[in-house]
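> The opening position of the sequence shown corresponds to residue 4 in this note's numbering, with each subsequent residue numbered one higher.
Every residue gets a Cβ at the ideal spot worked out from N, C-alpha and C, and that includes glycine.
Quick one: the structure is below, and I'll ask about it shortly.
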Amino acid sequence: MLLMVVVGAIITRLRQPLIVGSMLVGILAGPSGLRWVTSTDEVHLLSQLGLTLLLFVVGLKLDVNLIRSMGPVALAAGIVQIIVTLIGGYLISKGLGFGSLSSIYIAAAVTCSSTIIAIKLLSDRREADSLHGRIAIGILIVQDLLVVVAMIVLSGMAANGSQGVGKQILMLAGKGFGLLLGLAFLTRFIIPWLLGRMAHSQELLVLFAITWAILVASISGMLGFSIEVGALLAGVTLASTTYRDAIGSRLVSLRDFLLLFFFIELGTRINLHTWGQQIWASILLSIFVLTIKPLAILSVMGFMGYRRRTSLFSSITLAQISEFSLILAAMGLQLKHISPDIVGLITLVGLITVGLSTYMAVFGNVLYAKLSPYLRFFERKVPHAEEHSSSEHSGVLPPEVILFGIGRYGSAIGYDLLKAGRKVLGVDFDAYAVRRWNKRGWNAWYGDAEDPEFPGTLPLSSAKWVVSSIRNGEINAALTSSLRNHGFTGMVALTAQGSAEAQVLKKTGAEVVFYPFRDAADRAAEILEQTEQHEARIRMDKLIANLSDHYIVCGYGRMGQQIVKDLRKEGVPLVVIEFNPEQVPKLAEGVIPYIEGRASEDEVLLKAGVKRARGIVAVTATDEENVFIVLSAKSLNPKLYIVARSILEENEGKLRRAGADRVMSPYVLGGHRIAAAVLQSPSIDFCDLVVHDRDRNVQIINMPITADSPCTGQTLEKCNLWLKTGAFILAVTREGEMQIGPGPDFVPLSGDELVVMGTPIQLENATKLLQKKES
4 MLLMVVVGAI
14 ITRLRQPLIV
24 GSMLVGILAG
34 PSGLRWVTST
44 DEVHLLSQLG
54 LTLLLFVVGL
64 KLDVNLIRSM
74 GPVALAAGIV
84 QIIVTLIGGY
94 LISKGLGFGS
104 LSSIYIAAAV
114 TCSSTIIAIK
124 LLSDRREADS
134 LHGRIAIGIL
144 IVQDLLVVVA
154 MIVLSGMAAN
164 GSQGVGKQIL
174 MLAGKGFGLL
184 LGLAFLTRFI
194 IPWLLGRMAH
204 SQELLVLFAI
214 TWAILVASIS
224 GMLGFSIEVG
234 ALLAGVTLAS
244 TTYRDAIGSR
254 LVSLRDFLLL
264 FFFIELGTRI
274 NLHTWGQQIW
284 ASILLSIFVL
294 TIKPLAILSV
304 MGFMGYRRRT
314 SLFSSITLAQ
324 ISEFSLILAA
334 MGLQLKHISP
344 DIVGLITLVG
354 LITVGLSTYM
364 AVFGNVLYAK
374 LSPYLRFFER
384 KVPHAEEHSS
394 SEHSGVLPPE
404 VILFGIGRYG
414 SAIGYDLLKA
424 GRKVLGVDFD
434 AYAVRRWNKR
444 GWNAWYGDAE
454 DPEFPGTLPL
464 SSAKWVVSSI
474 RNGEINAALT
484 SSLRNHGFTG
494 MVALTAQGSA
504 EAQVLKKTGA
514 EVVFYPFRDA
524 ADRAAEILEQ
534 TEQHEARIRM
544 DKLIANLSDH
554 YIVCGYGRMG
564 QQIVKDLRKE
574 GVPLVVIEFN
584 PEQVPKLAEG
594 VIPYIEGRAS
604 EDEVLLKAGV
614 KRARGIVAVT
624 ATDEENVFIV
634 LSAKSLNPKL
644 YIVARSILEE
654 NEGKLRRAGA
664 DRVMSPYVLG
674 GHRIAAAVLQ
684 SPSIDFCDLV
694 VHDRDRNVQI
704 INMPITADSP
714 CTGQTLEKCN
724 LWLKTGAFIL
734 AVTREGEMQI
744 GPGPDFVPLS
754 GDELVVMGTP
764 IQLENATKLL
774 QKKES
């Protein structure tokens, strides 16, 4: 384990997959190396568990529907490559002096490509969904299915070696058919139901998957097949379910841990001393795997109309031998078909090809740039599988925007541009993405952003923008350079993964750089903010709709803010109407019920509940606006008590004629107050004390005198309001005129209003005293 950690750290620094480190550790820790481990039952058990999980996870990826989606190219390229490498591998092995059966095993070993390595390389480069990635995966599935057949045949041969060939085949076919039929029944009727129950707990789902893999592997072994075949079939039964990705992702780490013991056990059977004799054979076979296998795939894909870049990237992804090769070798050793030396040779070829093919894939762009001129031989003049003919392009309108990359992110950009009325031409080297766009009625061409000659074929003269949604800095930099070389003078927008990459792209001449994840995060935050504001507006509208007997304050300037502050302090219900967008955030921040709009408009007043209101305070910025507010409000609710501000003294009459009950000019009032402060300072102090100092708890209110009030027709002395309640009568209003300080002989009449000062309790008692006479 310690050795694996050390070797694994070195291997990953060298950009190699951990499987290479596992193979090295198995050899180094075995009898031929440091002799830390010898073949034991414990190691064998862990090895079998690791192998079972490996094949089970591989089986999870073998969705047969994927083969159909790949079309004929995966099947044709896969079969041709298998035939070429089988024949070539066999002839080379025979030429090296190996026996016929050993040569067959070697040829079969060099035929297979590593599913684990290929998928890991494609995932790391974010190319699993690209055209060459899907073709490579399709070819891998074809290879894996043929390997399964070979493993079933070998398993049958091991179980029935003493019987006749015909009987062997019949018994093998019968058992295999029964196993497949049983698994098909379970997959169709039982497994989906079971998974649905298990999926409520992720831990239980994973535990069920491991148990299912071991169970089917054990049944396969009992029927005479290998446990490897059973584990693979167990994975296939779950490959079409919606839970396969969740199961596979959780089993990867456990698989990699247990698989270490498979390579340790394999290492115990390898004699390093024979590698010196096998080095030339391994080099020759490795060259064959690294060159002939890709050339076979290149030839088939070129013949079928694929571009040389797609063909090259698909082929170098598969330029190694598989973990299945080692499994086949281990089975052959168990069956005594081959010697440990052959197993060692296959392992050495695996180490060489996995290591070199990884570098080929990592530096694929560099390799393509070097080999591109020589690969024209493998490409048709018109690669019809990926490009539209010129006749199909002839009807395309000149685009305003050329969009490179029409996957999920690019399609979202294209959709918004088309929705805005822009003419967009999509470009992608994924033929399936191009086909999807064209099916929607959008224009799309097949093209490679890395091909320096391709921009010259585009209608650049009409384009104002070239946008790239490709999240690869090297490709975007090369695209910008190619565009400028072909005379494009418009603007370029590129996509970056981070700020450092964005700085590099801006130096290439890009006017705009997108940050997909940051932009998405900003948009998500904006949506949350908008949703929160929308919900707050709905709640506020409901609150306003339920208000009655409230006041409407029109205008939230300095005076309006003070009015609202005082009314809220007294607990008076209110609604503010404000048109100025600079003031609206203050209202929202203060959680003050408000309507955004002009208070002179009937619709806005109705939203504020003018028909249910007690009064209106009009303190907007202009007298003209206040006049319109008073007219509109009075026409909607004639009973309203309206207080309006007049900036100019000459407009006070207009506001009263419009319907205002009280008109106040802040400048006139302010002037009077300043003069009074100079001439009558004590009285001003008293007024401030009563009106503004709420800590004193003194109020002044109007109390109406009704016909049935006990004080009606009685003198104030006889009514004795002050002695009975403590409230003090300051003035009496009669027919619009106010009499200050009425004497004890004054007789209140029905319709008069007493101006009374006192504490809230005193005023409450005075109000009760002035109510109807007791019966």
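When burial is assigned at 16 or more other CB atoms within 10 Å of the CB, is Asp431 buried or exposed?
Residue mapping note: residue 431 aligns to position 428 of the sequence shown, counting from 1. Asp431 is buried by the Cβ-count criterion.
> List the DSSP bridge partners of Phe731.
Reading the sequence shown from its first residue, position 728 is the one you call residue 731. Its beta-bridge partners are Met760.
> Could you pull the start and end residues of the alpha helix (DSSP H) that Ala32 belongs to?
As a working mapping, residue 32 is identified with position 29 in the sequence shown. From DSSP, the alpha helix (DSSP H) with Ala32 extends over 21 to 32.
> Is the region 208 to 215 touching the region 237 to 256, taking contact as three or more C-beta pairs under 8 Å?
Flag = yes, the region 208 to 215 and the region 237 to 256 touch.
> Do Leu757 and Ile703 come within 8 Å of each other at the CB atom, strictly closer than that value?
In the sequence shown, the residue the question calls residue 703 occupies position 700. In the sequence shown, the residue the question calls residue 757 occupies position 754. Not in contact: Ile703 and Leu757 (Cβ atoms no closer than 8 Å).
> In terms of residues, what are the limits of the beta strand (DSSP E) holding Trp468?
What you label residue 468 is simply residue 465 of the sequence shown in a count that begins at 1. Looking at the DSSP string, the run of the beta strand (DSSP E) that includes Trp468 is 468 to 471.
> Could you check how far apart the C-beta atoms of Gly92 and Ile109 are, in whole angstroms? I think they sit under 8 Å.
If you number the sequence shown from 1, residue 92 lands on position 89. If you number the sequence shown from 1, residue 109 lands on position 106. About 6 Å; that satisfies the 8 Å criterion.
> So the beta strand (DSSP E) Cys557 belongs to, where does it begin and stop?
The count along the sequence shown starts at 1 and reaches residue 557 at position 554. That run of the beta strand (DSSP E) goes 554 to 557.
> Classify Arg311 as buried or exposed, calling it buried when 16 or more other Cβ atoms lie within 10 Å of its own Cβ.
Counting from 1 along the sequence shown, the entry for residue 311 is found at position 308. It is buried - the Cβ of Arg311 has at least 16 other Cβ atoms within 10 Å.
> Is Thr294 helix, strand or coil by DSSP?
Against the sequence shown, residue 294 aligns to sequence position 291. Looking at Thr294 - three-state DSSP - the assignment turns out to be helix.
> Hey, is the region 651 to 658 in contact with the region 560 to 578, meaning 3+ C-beta pairs nearer than 8 Å?
No, because fewer than three Cβ pairs between the region 651 to 658 and the region 560 to 578 fall closer than 8 Å, the two stretches do not touch.
> So is Ala364 buried or exposed if we call it buried at 16+ other beta carbons inside 10 Å?
As a position in the sequence shown, residue 364 is number 361, starting the count at 1. With 16 or more Cβ atoms within 10 Å of its Cβ, Ala364 is classed as buried.
> Does the distance from the C-beta atom of Val594 to that of Arg601 stay below 8 Å?
Numbered from its first residue, the sequence shown carries residue 594 at position 591. Numbered from its first residue, the sequence shown carries residue 601 at position 598. It is not a contact, given that the beta carbons lie outside the stated cut-off.
> If you check the beta carbons only, do Cys557 and Val516 fall under 8 Å apart?
Position 554 of the sequence shown, counted from the first residue, corresponds to residue 557. Position 513 of the sequence shown, counted from the first residue, corresponds to residue 516. Not in contact: Cys557 and Val516 (Cβ atoms no closer than 8 Å).
> Do Ile405 and Ser472 come within 8 Å of each other at the CB atom, strictly closer than that value?
Within the sequence shown, residue 472 is the residue found at index 469, counting from 1. Within the sequence shown, residue 405 is the residue found at index 402, counting from 1. Their beta carbons are not under 8 Å apart, which means Ser472 does not touch Ile405 by this criterion.
> Does the beta-carbon of Arg474 have 16 or more other beta-carbons within 10 angstroms, so that it is buried, or is it exposed?
Residue mapping note: residue 474 aligns to position 471 of the sequence shown, counting from 1. The residue in question, Arg474, is buried, as its Cβ has 16 or more Cβ neighbours within 10 Å.
> Leaving out five residues on either side along the sequence, give the residues of the same chain with a beta carbon under 6 Å from the beta carbon of Arg438.
In the sequence shown, counting from the first residue as 1, residue 438 sits at position 435. Closer than 6 Å at the Cβ level, and outside the excluded window around Arg438, lies no residue.
> Suppose you measure from the CA of Val427 to the CA of Glu504; what does that come to, to the nearest Å?
If you number the sequence shown from 1, residue 427 lands on position 424. If you number the sequence shown from 1, residue 504 lands on position 501. Approximately 26 Å, taken between the alpha carbons.
> Give, in chain order, every unbroken run of the alpha helix (DSSP H) that is at least 4 residues long and sits entirely within the region 563 to 638.
With a minimum length of 4 residues, the continuous alpha helix (DSSP H) runs that stay inside the region 563 to 638 are 587 to 592, 605 to 610.
> Rank Pro34, Asn583, Gly53 by C-alpha distance to the C-alpha of Ser256 and give the top, closest one.
Translated into positions along the sequence shown, residue 256 becomes position 253. Minimum Cα distance to Ser256 is reached at Gly53.
> Tell me whether the region 75 to 82 and the region 293 to 311 touch, counting them as touching only if at least three CB pairs, one residue from each stretch, are closer than 8 Å.
As far as the Cβ criterion goes, the region 75 to 82 touches the region 293 to 311, which means the pair count is three or higher.
> For the candidate residues Trp39, Lys178, Glu130, whose alpha-carbon lies nearest to that of Val232?
Residue 232 sits at position 229 when you count from the first residue of the sequence shown. Measuring from the Cα of Val232, the nearest candidate turns out to be Lys178.
> Mind checking Ala284: buried by the 16 CB within 10 Å criterion, or exposed?
For the purposes of this step, residue 284 is taken as the residue at position 281 of the sequence shown. Ala284 comes out buried.
> Determine the direct distance from the alpha carbon of Ala624 to that of Glu653, and round the result to whole angstroms.
On the sequence shown, residue 653 is found 650 positions in, with the first residue counted as 1. On the sequence shown, residue 624 is found 621 positions in, with the first residue counted as 1. When rounded, the distance between both Cα atoms is 16 Å.
> Tell me whether Pro75 is buried or exposed, calling it buried when 16 or more other Cβ atoms sit within 10 Å of its Cβ.
Sequence index remark: in the sequence shown, residue 75 carries index 72 (1-based). By the neighbour-count rule (16 or more Cβ atoms within 10 Å), Pro75 is not buried but exposed.
> What is the rounded straight-line gap between the Cα of Phe366 and the Cα of Leu359?
By 1-based counting over the sequence shown, the position of residue 366 is 363. By 1-based counting over the sequence shown, the position of residue 359 is 356. Approximately 11 Å between the Cα atoms of the pair.
> So the alpha helix (DSSP H) Gly410 belongs to, where does it begin and stop?
The sequence position of residue 410 within the sequence shown is 407, counting from 1. Where Gly410 is concerned, there is no enclosing alpha helix (DSSP H), given that its DSSP letter is neither H nor E.
> If you follow the beta strand (DSSP E) that Trp448 is in, where does it begin and where does it stop?
In the sequence shown, residue 448 corresponds to position 445, counting from 1. Segment 446 to 449, the beta strand (DSSP E) holding Trp448.
> Alpha helix (DSSP H) containing Arg487: first to last residue?
In the sequence shown, counting from the first residue as 1, residue 487 sits at position 484. Its alpha helix (DSSP H) spans residues 476 to 488.
> Can Thr320 and Ala121 be called in contact, C-beta distance under 8 Å?
Taking the sequence shown and counting its residues from 1, the one referred to as residue 320 is at position 317. Taking the sequence shown and counting its residues from 1, the one referred to as residue 121 is at position 118. Going by C-beta atoms, Thr320 is nearer than 8 Å to Ala121.
> Looking only at its own chain, which residues have a Cβ that is under 8 Å from the Cβ of Leu421, when we skip the five neighbours before and after it?
Mapped onto the sequence shown, residue 421 falls at position 418. Result list for Leu421: Val427, Trp445, in chain order.
> Does the distance from the CB of Val357 to the CB of Leu288 come in under 8 Å?
As a first step, residue 357 is located in the sequence shown; it is residue number 354 there, counting from the start. As a first step, residue 288 is located in the sequence shown; it is residue number 285 there, counting from the start. No, Cβ-Cβ distance for Val357 and Leu288 is not below 8 Å.
> With DSSP run on the structure shown, which of helix, strand or coil describes Met706?
Counting from 1 along the sequence shown, the entry for residue 706 is found at position 703. Note: Met706 maps to strand in three-state DSSP.
> Taking the beta strand (DSSP E) that Arg665 falls in, what are its first and last residues?
Residue 665 sits at position 662 when you count from the first residue of the sequence shown. 665 to 667 is the extent of the beta strand (DSSP E) around Arg665.
> Output the distance between the C-alpha atoms of Ser342 and Asn479, rounded to the nearest integer angstrom.
Here residue 342 refers to the residue found at position 339 of the sequence shown. Here residue 479 refers to the residue found at position 476 of the sequence shown. Cα to Cα, the separation comes out at about 52 Å.
> I need the straight-line Cα distance from Gln586 to Tyr559, nearest angstrom please.
As a position in the sequence shown, residue 586 is number 583, starting the count at 1. As a position in the sequence shown, residue 559 is number 556, starting the count at 1. One C-alpha to the other measures close to 7 Å.
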